[in-house]
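These notes concern the structure reproduced below.
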């Protein structure tokens, strides 16, 4: 962890961040459009709810702009913003769990939102209708397994296997040592593997 | 490395996050352990399932909403700053205008008060007092009226030239009247200047008035100041005319009365002149000045009053004597007489 902080990663958003520190809202707008989708998917996988993900992302960007002067550049802006999003998503999830109401995200039905149905962005190599149905079913079960994970395991799986952050970046985002990242990720994968075995019978 | 340790490192091995030594050990173990090989295959499929999850597009309005919220927040912040500094925005011009007004008023006051402050300058007072002993002798009766008249004239804000002073010398009574009108009320009460103010019939009367004015018991400090510093008026101090007193003392030497003069008509002007000088010295007098105008010589001499008649008698030896004015009768005092020697007609 200590070695991660000393290792300063190059930040491709350094110019925009410096402008934001001077109050340039246009520069921040660029960052919003650049990272809104990524932050939304992180929040959605953590919270498992569309509206909560939207609100989480909004709060995340607002918090980032308010605290941009506190950003010292020890990490990249992306890791800093991701850490904010993960923390806010975690807090929102705790609120949801406290209300005893947390519906598991269902991939069978389109997610309703204020702006209409949620638009999915499936991977390329468009499969046939049968294959789409099968993939759809697998994804739903994968999401169920994700939702059943502990928060720590869920977060680290989202960051590594879905958003493909490096171990070092995950350490910065979750404030974990590199060894902890490895071991936690290993246990999270084994846990979801066991879940998928139960859900899918075979990992296909 | 045991089997359990190998299985814990399969996740990192999958991400190529192990050292080269660990990689060698793990690969050797995977070659001989079917369970670990199967576990690695399941782990790879699990990760693939996670990576194959679709990504969702956020709502199109989300970014705009974020930016609108930031805009509103910035405006609110600016509004708070405006509210905080609004009073300053109003007060600043008022303070600036007040400062300008105070500066202008102060400057005008300074312009107004500055000449009066000049009256209180110690050097001016000392200058005047230092010259008091040089005042004309009491034998010149015209000095006092001149001095007082000059003081009052200047108090009234007028500046007189030496020519005007000479004119005043010819009209002392009128100047005495001016003085009476210019006296402060307190001084007027103590002295019967009201009669002098109405009409001044003669020189003697005006001199009496002036003597009364010189009474040092002036009740008013303002009058006292005017008496002590007659020439220190505002105009003079401003214009640097501190030399008014020497001007006055010089004019005092010019007598208001026409001095007694003798006119000697003779054809030997130079010879008669030398003889006159001898006679003056013999009678104990002295020649004050000698001026040789064209075809004439003018002597100004000081002779004791009782010897003037003897002097006239001796001059008759040189020519025809014509007397102008009455013979002064000062006993034991040097009296100024003027002797003009000319060729006659």
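Protein chains in written order, with the working numbering: chain A, 852 to 1055; chain B, 161 to 505.
Ideal Cβ placement from N, Cα and C applies to all residues, glycine included.
Note that the structure is a prediction, hence the values are computed from the model and not measured.
The alpha helix (DSSP H) that contains residue 942(A), what's its start and end? Here residue 942(A) corresponds to residue number 91 of the first chain, with the count starting at 1. Start and end: 928–949.
Residue 446(B) - containing beta strand (DSSP E), residue span: Indexing the second chain from 1 puts residue 446(B) at position 286. Taken as a continuous stretch (DSSP letters only), the beta strand (DSSP E) holding residue 446(B) covers 446–451.
Does the CB of residue 202(B) have a neighbour CB from chain A at under 7 angstroms? Here residue 202(B) is taken as the residue at index 42 of the second chain, counted from 1. With its beta carbon less than 7 angstroms from one in chain A, residue 202(B) belongs to the interface.
Quick one: Cα of residue 1017(A) to Cα of residue 1011(A), how far? What you label residue 1017(A) is simply residue 166 of the first chain in a count that begins at 1. What you label residue 1011(A) is simply residue 160 of the first chain in a count that begins at 1. If you take the alpha carbons of residue 1017(A) and residue 1011(A), they lie about 7 angstroms apart.
Just to make sure I have the definition right: I need the residues of chain B whose C-beta is within less than 8 angstroms of the C-beta of residue 937(A). Which are they? The residue given as residue 937(A) occupies position 86 in the first chain. Chain B residues near residue 937(A): none, gap ~17 angstroms exceeds 8 angstroms.
Along the chain, where does the alpha helix (DSSP H) containing residue 441(B) start, and where does it finish? For the purposes of this step, residue 441(B) is taken as residue 281 along the second chain, with counting starting at 1. It spans 429–442 - the alpha helix (DSSP H) in which residue 441(B) sits, taken as one unbroken run.
So, do the region 210–225 of chain B and the region 861–869 of chain A have three or more beta carbon pairs nearer to each other than 8 angstroms? no
For residue 890(A) versus residue 911(A), is the C-beta distance shorter than 7 angstroms? Counting from 1 along the first chain, the entry for residue 890(A) is found at position 39. Counting from 1 along the first chain, the entry for residue 911(A) is found at position 60. Contact flag set, yes.
So with Cβ pairs under 7 angstroms, would you call residue 207(B) a contact of chain A? Counting from one through the second chain, the residue named residue 207(B) turns up at place 47. Closer than 7 angstroms to the CB of residue 207(B) there is at least one CB belonging to chain A.
Does any CB atom of chain B fall closer than 7 angstroms to the CB of residue 1037(A)? As a first step, residue 1037(A) must be located in the first chain, where it is residue number 186. By this cut-off, residue 1037(A) is an interface position.
Would you mind stating whether residue 227(B) and residue 880(A) have Cβ atoms separated by less than 7 angstroms? The sequence position of residue 227(B) within the second chain is 67, counting from 1. The sequence position of residue 880(A) within the first chain is 29, counting from 1. Taking 7 angstroms as the Cβ cut-off, residue 227(B) and residue 880(A) qualify as a contacting pair.
So residue 475(B) and residue 422(B) are supposed to be a Cβ contact under 8 angstroms. How far apart are they, rounded? Counted from its first residue, the second chain places residue 475(B) at position 315. Counted from its first residue, the second chain places residue 422(B) at position 262. Indeed they touch by this definition, with Cβ atoms about 7 angstroms apart.
Taking the DSSP output, what are the residues bridged to residue 425(B)? Position 265 of the second chain holds residue 425(B). Beta-bridge pairing links residue 425(B) to 480(B) and 502(B).
Looking only at its chain, what residues have a beta carbon closer than 6 angstroms to the beta carbon of residue 498(B), apart from the 5 residues adjacent to it on each side? Locating residue 498(B) in the second chain gives position 338, where the first residue counts as 1. For residue 498(B), where only same-chain residues beyond five positions count, the Cβ hits under 6 angstroms are 419, 421 and 460.
Below 7 angstroms between beta carbons: does that hold for residue 896(A) and residue 1009(A)? Taking the first residue of the first chain as 1, we reach residue 896(A) at position 45. Taking the first residue of the first chain as 1, we reach residue 1009(A) at position 158. Yes; because the gap between Cβ atoms is below 7 angstroms, this pair is in contact.
Checking contacts by CB at 7 angstroms: is residue 218(B) closer than that to chain A? The residue given as residue 218(B) occupies position 58 in the second chain. It does; some Cβ of chain A falls within 7 angstroms.
If you reduce the DSSP assignment to three classes, tell me which class residue 494(B) lands in. Taking the second chain and counting its residues from 1, one reaches residue 494(B) at position 334. Looking at residue 494(B) - three-state DSSP - the assignment turns out to be strand.
Starting from residue 865(A), find everything on chain C with Cβ-Cβ shorter than 8 angstroms and list it in chain order. Annotation note: the requested chain C is absent from the structure, which comprises protein chains A and B.
Identify the contact partners of residue 225(B) in chain A, using a Cβ-Cβ distance below 7 angstroms as the criterion. Locating residue 225(B) in the second chain gives position 65, where the first residue counts as 1. Ordered by position in chain A, the residues that pass the 7 angstroms Cβ test against residue 225(B) are 909.
Is residue 988(A) close to chain B, meaning its C-beta is less than 7 angstroms from at least one C-beta of that chain? On the first chain, residue 988(A) is found 137 positions in, with the first residue counted as 1. Chain B, which has no Cβ nearer than 7 angstroms to the Cβ of residue 988(A), makes this no.
Cβ neighbour criterion (16 or more within 10 Å) applied to residue 928(A): In the first chain, the residue the question calls residue 928(A) occupies position 77. Flag for residue 928(A) reads buried.
What does DSSP give as the partner residues of residue 464(B) in its beta bridges? For this step, residue 464(B) is matched to residue 304 along the second chain. Beta-bridge pairing links residue 464(B) to 494(B).
Distance, residue 436(B) Cα to residue 425(B) Cα: In the second chain, counting from the first residue as 1, residue 425(B) sits at position 265. In the second chain, counting from the first residue as 1, residue 436(B) sits at position 276. If you take the alpha carbons of residue 425(B) and residue 436(B), they lie about 13 angstroms apart.
Other residues of its chain near residue 904(A): CB distance less than 7 angstroms, five sequence neighbours each side excluded: For this step, residue 904(A) is matched to residue 53 along the first chain. Result list for residue 904(A): 891, 894, 895 and 898, in chain order.
Bridge-paired residues (DSSP) for residue 511(B): The structure shown does not extend to residue 511(B), since chain B spans only 161 to 505, so no value can be given for it.
Test item: CB-CB of residue 1037(A) and residue 168(B) under 7 angstroms: Against the first chain, residue 1037(A) aligns to sequence position 186. Against the second chain, residue 168(B) aligns to sequence position 8. Taking 7 angstroms as the Cβ cut-off, residue 1037(A) and residue 168(B) qualify as a contacting pair.
Is residue 1040(A) close to chain B? Criterion is C-beta to C-beta, closer than 7 angstroms. Your numbering for residue 1040(A) matches position 189 in the first chain. Chain B contact via Cβ: present.
Does the Cβ of residue 286(B) have 16 or more other Cβ atoms within 10 Å, making it buried, or fewer, making it exposed? Counting from one through the second chain, the residue named residue 286(B) turns up at place 126. Any reading at residue 286(B) needs caution, since the residue's pLDDT is 46, under 50, leaving its predicted position unreliable; the model's value is listed next. Exposed: under 16 other Cβ atoms inside 10 Å.
Measuring CA to CA, which of 455(B), 491(B), 261(B) and 457(B) is closest to residue 469(B)? Counted from its first residue, the second chain places residue 469(B) at position 309. Selected option, being the one with the closest Cα: 491(B).
If you run the structure through DSSP and keep just helix, strand and coil, what is residue 922(A)? For the purposes of this step, residue 922(A) is taken as the residue at position 71 of the first chain. Here residue 922(A) sits in coil by DSSP.
Quick check: what's the CA-CA separation for residue 502(B) versus residue 430(B)? Start at 1 with the first residue of the second chain, and residue 502(B) comes out as number 342. Start at 1 with the first residue of the second chain, and residue 430(B) comes out as number 270. So the alpha carbons of these two residues sit roughly 10 angstroms apart.
Would residue 1052(A) be called buried (16 or more neighbouring beta carbons within 10 Å of its own) or exposed? For the purposes of this step, residue 1052(A) is taken as residue 201 along the first chain, with counting starting at 1. Burial call: exposed.
With DSSP as the reference, please indicate the residues paired to residue 113(B) in a beta bridge. Because chain B is modelled from 161 through 505, residue 113(B) falls outside the range shown and cannot be assessed.
For residue 199(B) and residue 876(A), the rounded distance between their alpha carbons: As a working note, residue 876(A) is residue 25 in the first chain. As a working note, residue 199(B) is residue 39 in the second chain. Approximately 50 angstroms between the Cα atoms of the pair.
Spatial neighbours of residue 947(A) in its chain, beta-carbon cut-off 8 angstroms, leaving aside the 5 residues before and after: Position 96 of the first chain, counted from the first residue, corresponds to residue 947(A). Around residue 947(A): 898, 900, 903 and 953.
Measuring CB to CB, does residue 209(B) end up less than 7 angstroms from residue 1032(A)? Position 49 of the second chain, counting from 1, holds the residue named residue 209(B). Position 181 of the first chain, counting from 1, holds the residue named residue 1032(A). No, Cβ-Cβ distance for residue 209(B) and residue 1032(A) is not below 7 angstroms.
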